[in-house]
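>
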Amino acid sequence: MHLKALRAALPHTLPVLTGYLFLGLAYGVLMRAAGFPVWMTALCSTLIYAGSMQYAALPLLSAFDPAGAFLLSLMINARHLFYGLSMLGPYSGTGKKKPYLIFALTDETFSVNVSARPPEGVDRGWFLFYVSLLDQLYWVAASAAGAVLGGALPFDTKGIEFVMTALFVTIFTGQWLDHADHRPALVGLGASAACLLVFGAQRFILPAMALITVLLLCLRPAGGKAPKEGQET
Amino acid sequence: MSVQKELCIIGLIALGTALTRFAPFLLFSGRKVPPVMRDLGGMLPCAAMGLLVVYCLKDLSFAAPPYGLPELIAVAATAALYCFRRNVLLSIGGGTALYMLLVRFVFVQ
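Chains as they are written, first to last, in our numbering: chain A, 16 to 248; chain B, 57 to 165.
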């Protein structure tokens, strides 16, 4: 049963392998360049297991700001709330595997698990589990390999830190193209840039998050009810 | 920063990340999602991504050479690549390659 589920899951994870290899290697290289030991890179990939967050965490590991780090992790990973809502059904009935399935819910694993149909005779729960497990193994292995090889890569890695900016810009652009209402994206950019100017690079994150939250709440349609005819507002 | 402090930060980030994953299962199994949560949760991913882009560029200086040009050019190229081909890896790879070329050969310090 396990072997069948694993063999069924493997092909679905190959695109994820490609992506994680690239991003994970680069992450490992960056961690090493920043002076962190290989075990710490592997630890982050095992415990945090969130690509964009792990990249964003690099600067967080140099200036000790526990509240900022925690709040940033909630906000950067907020999209996971939607993944969870989508998987309430598919992940039900998976028994003891469920906590791991939820823990390992990355963008890529979500996209595979939310749409994949395991073949006949393959246990659905174990299929979902092996997709999740394989994806995390790729990620941990790639980041550890990057951290180990970092110094020994045959080419000069100057400028590779841009891969993190490129990742976020790509995701941002994808969201822009997929959403007709650009106001939340603009609020994110604008409020952050404004707070950056006012508070400086080291201290703008918390004010930016507060300002974004306030502005987004203002963007919500008021009450959802239309005003009555003739009513004073 | 000491190893203990680093581990503390890693733990907090792991906790925050895990919370965002588990929250829907802990809170909403079978119950309705409150409208505030739903609205905010719909808008937050886009806004958070905007914050992240600014976060990546926070140390750019427009006052001194190279005036942030390598980053701005590469950001524009990354976004344009994605608009044209809708391929995540191509955009990331292409944008990063361009940046690495720019800082090595064009905007040499």
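Cβ coordinates follow ideal geometry from the N, Cα and C atoms, glycine included.
List the endpoints of the continuous alpha helix (DSSP H) containing THR56 (chain A).
Note, THR56 (chain A): alpha helix (DSSP H), 53 to 62.
> Taking the alpha helix (DSSP H) that ALA48 (chain A) belongs to, which residues open and close that run?
Residues 17 to 48.
> Helix, strand or coil: which one does DSSP assign to ALA157 (chain A)?
The answer is helix: DSSP assigns ALA157 (chain A) an H, G or I state.
> Taking the continuous alpha helix (DSSP H) assigned at ILE65 (chain B), which residues delimit it?
59 to 83 is the extent of the alpha helix (DSSP H) around ILE65 (chain B).
> Quick check: what's the CA-CA separation for LYS19 (chain A) versus LEU86 (chain A)?
Approximately 41 Å between the Cα atoms of the pair.
> For VAL144 (chain B), report the span of its alpha helix (DSSP H) as first-last.
From DSSP, the alpha helix (DSSP H) with VAL144 (chain B) extends over 144 to 157.
> Measure the alpha-carbon distance for LEU211 (chain A) versus ALA103 (chain B) and round it to whole angstroms.
Roughly 15 Å between the two C-alpha positions.
> May I ask you to list, following chain order, the residues of the region 99 to 110 of chain B that have a beta carbon less than 9 Å from some beta carbon of chain A?
If the cut-off is 9 Å between Cβ atoms, the region 99 to 110 of chain B has MET99, LEU100, PRO101, CYS102, ALA103, ALA104, MET105, GLY106, LEU107, LEU108, VAL109 and VAL110 near chain A.
> Assign ARG94 (chain A) to one of two classes, buried (16 or more other C-beta atoms within 10 Å of its C-beta) or exposed (fewer than that).
It is buried - the Cβ of ARG94 (chain A) has at least 16 other Cβ atoms within 10 Å.
> Closer than 7 Å by beta-carbon distance: list the chain A residues that pair up with ARG141 (chain B), in chain order.
Going along chain A, no residue has its Cβ under 7 Å from ARG141 (chain B), so there is no contact; the nearest lies around 11 Å.
> TYR123 (chain B) by DSSP, collapsed to three states: which one?
Of the three classes helix, strand and coil, the one that applies to TYR123 (chain B) here is coil, per DSSP.
> What's the gap between the Cα of GLY238 (chain A) and the Cα of HIS17 (chain A)?
Annotation note: pLDDT 48 at GLY238 (chain A) (below 50); position unreliable, coordinate value reported separately. When rounded, the distance between both Cα atoms is 51 Å.
> Listed from N- to C-terminal order along the chain, which residues in the region 137 to 153 of chain A have their beta-carbon within a distance smaller than 8 Å of any beta-carbon of chain B?
Taking 8 Å as the Cβ-Cβ cut-off against chain B, none of the residues of the region 137 to 153 of chain A qualify.
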